[in-house]
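In the numbering used here, the protein residues as written are 11 to 486.
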């Protein structure tokens, strides 16, 4: 136990500096990455990062060489720019550049191309047919390929080319917000659900029994469940700027035990409190700064508008209409600014990301307090199992500051959740999840579950048991 205590104390003392140092390293890394080469690596049509050289295509127009992330982008480009010449595609087998007009093409779901048309190119018809025997699909020449795109919206600017891929691993885990940009005009609507149950209490890093809580408080929290329903929308006003808005509806439930001593005998009374309603509105702007062949970086900026109520009340053994503690309120009561950055990269069948976000409270609310600043670091990786299914792993590290000020209606000695200093805490969570396009075209279903691997608070705080995130993303 002594060894565990010493390790926990050292980890707690070093945890916050580690997060801040990691943030500094992230931003320094960005400047290093930005110095690597000046070659244009974004698709000339959809502006998506070119992530798989096996599908690259090229053209020339007015002595300028253009790059495309797939043959489907090239076909759609020349529909609008007939003067393009020197059309080339990449031979899927050899990696050599070949003339697009004399190449043969295989459309097979088992060979997913970056923009979802599932088209690979080959120098000869024999080579295409040989691959067809292995992967299935349809072989066609250049003229047939053009006719298919002319008579179909598949791959057109209005449907597929909004800085995204049909690869499910391109998108971050569902618990990540603001992980990607869209190309100009791109839109996405998301509907998500989150639940975070808590059970029992911790003091510092240790689980404690109710009697330890009753030594300093009249009420001991037993269980709490935080549920959140979220709807968000993204719209790209340019290739480098995507706007995002998110509104949530929250349901907070808590069961507690009140201890009284009458004539020397302890008496316990269980009760429940609940708060339901809309939370704060989040308005965000994502600004792309770096876009290279295998990685990109964008700024995350945001403003939280205090729409959530911080005046919720409920019946307790002490009052018919008691003011609920800070954790049960639905918003912060203040305008909050968020700043951070997201670094993303991709390979043939996998992607990864690093995101740091810091939220700062601007002033105090109507009850003369503000929540503590919030710092989060997320690291994740995703891997495609098939063209429609990917798995993800994510680590989240969160540092929350103590509440500044005090709501005069709350008595800190009544219950731990009414004491502002108890909200200073650090937590590390590990998540596993899936992304799937299996429902229908253009809808990404996602889910992830996370467990806390480290929890530490400055005082008494409830023990987090797990977090579940689910969602649907509609790519419009």
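For every residue, glycine included, the Cβ atom is placed at its ideal position computed from N, Cα and C.
Residue 483: buried (16+ other C-beta within 10 angstroms of its C-beta) or exposed? buried
Output the residue ranges of the beta strand (DSSP E) runs that lie fully inside the stretch 45–113 and measure 3 residues or longer, sorted by chain position. 67–71, 74–78, 95–100, 107–109
Exposed or buried, residue 395, counting other C-beta atoms within 10 Å across all chains shown (16 or more means buried)? exposed
When we look at the beta-carbon of residue 104 and count the other beta-carbons within 10 Å, is it buried (16 or more) or exposed? exposed
Helix, strand or coil for residue 121 per DSSP? coil
Going by beta-carbon coordinates alone, are residue 308 and residue 191 separated by less than 7 Å? yes
Let me know the beta strand (DSSP E) ranges lying completely inside the stretch 375–441, each 3 residues or longer, listed in chain order. 384–394, 399–410
Would you mind reading off the limits of the beta strand (DSSP E) that contains residue 458? 453–467
Outcome for residue 364 when other beta-carbon atoms lying within 10 angstroms are tallied against a minimum of 16: buried
C-beta atoms of residue 149 and residue 156 nearer than 7 Å: no
Runs of 3 residues minimum, wholly inside the stretch 254–313: which ones carry the beta strand (DSSP E) assignment? 275–288, 291–301
Flag this pair as yes or no: are the beta carbons of residue 65 and residue 77 separated by less than 7 Å? no
What does the alpha-carbon distance come out to for the pair residue 110 and residue 179? 29 Å
Proximity of residue 384 and residue 413 at Cβ, strictly below 7 Å: no
According to DSSP, residue 333 sits in a beta bridge with which residue or residues? 323
Please classify residue 339: does DSSP put it in a helix, a strand, or coil? coil
Near residue 123, what residues of its chain come up, given a Cβ to Cβ distance below 6 Å and the 5 sequence neighbours on each side ignored? 65, 80, 129
What three-state label does DSSP hand residue 250 in the structure shown? coil
Using a beta-carbon distance below 7 Å, is residue 250 in contact with chain B? Note that chain B does not occur in the displayed structure, where there is just one protein chain.
Between the alpha carbons of residue 457 and residue 74, how many angstroms are there, rounded? 44 Å
Could you tell me the alpha carbon to alpha carbon distance between residue 390 and residue 375, rounded to whole angstroms? 35 Å
Residue 402 beta carbon less than 7 Å from that of residue 443: yes
How would you call residue 41, buried or exposed, if buried means at least 16 neighbouring beta carbons within 10 angstroms? With a pLDDT of 39 at residue 41, under the threshold of 50, the modelled position of that residue is not reliable, and the figure given next carries that caveat. The residue in question, residue 41, is exposed, as its Cβ has fewer than 16 Cβ neighbours within 10 Å.
Which listed residue (112, 469, 485, 406) has its alpha carbon closest to that of residue 460: 406
Alpha carbon to alpha carbon, how far is residue 262 from residue 330? 19 Å
With a 10 Å radius around its C-beta and 16 neighbouring C-beta atoms as the bar for buried, classify residue 298 as buried or exposed. buried
Pull up the distance between the alpha-carbon of residue 338 and that of residue 464, whole angstroms please. 23 Å
Counting beta carbon pairs with one atom in the stretch 246–254 and one in the stretch 275–291, are three or more of them shorter than 8 Å? no
Please report the straight-line C-alpha distance between residue 433 and residue 474, rounded to a whole angstrom. 13 Å
Where does residue 155 fall in DSSP's three states? helix
Per DSSP, the bridge partner or partners of residue 353: 307, 364
Given that a residue counts as buried once 16 or more other Cβ atoms are within 10 Å of its Cβ, and exposed if not, what is residue 279? exposed
At the level of alpha carbons, what is the spacing between residue 366 and residue 437? 15 Å
How long is the line joining the alpha carbons of residue 88 and residue 96, rounded to whole angstroms? 11 Å
So, helix, strand or coil for residue 186, using DSSP? coil
Per-residue burial, residue 112 [other beta carbons within 10 Å of its own, 16 or more giving buried]: exposed
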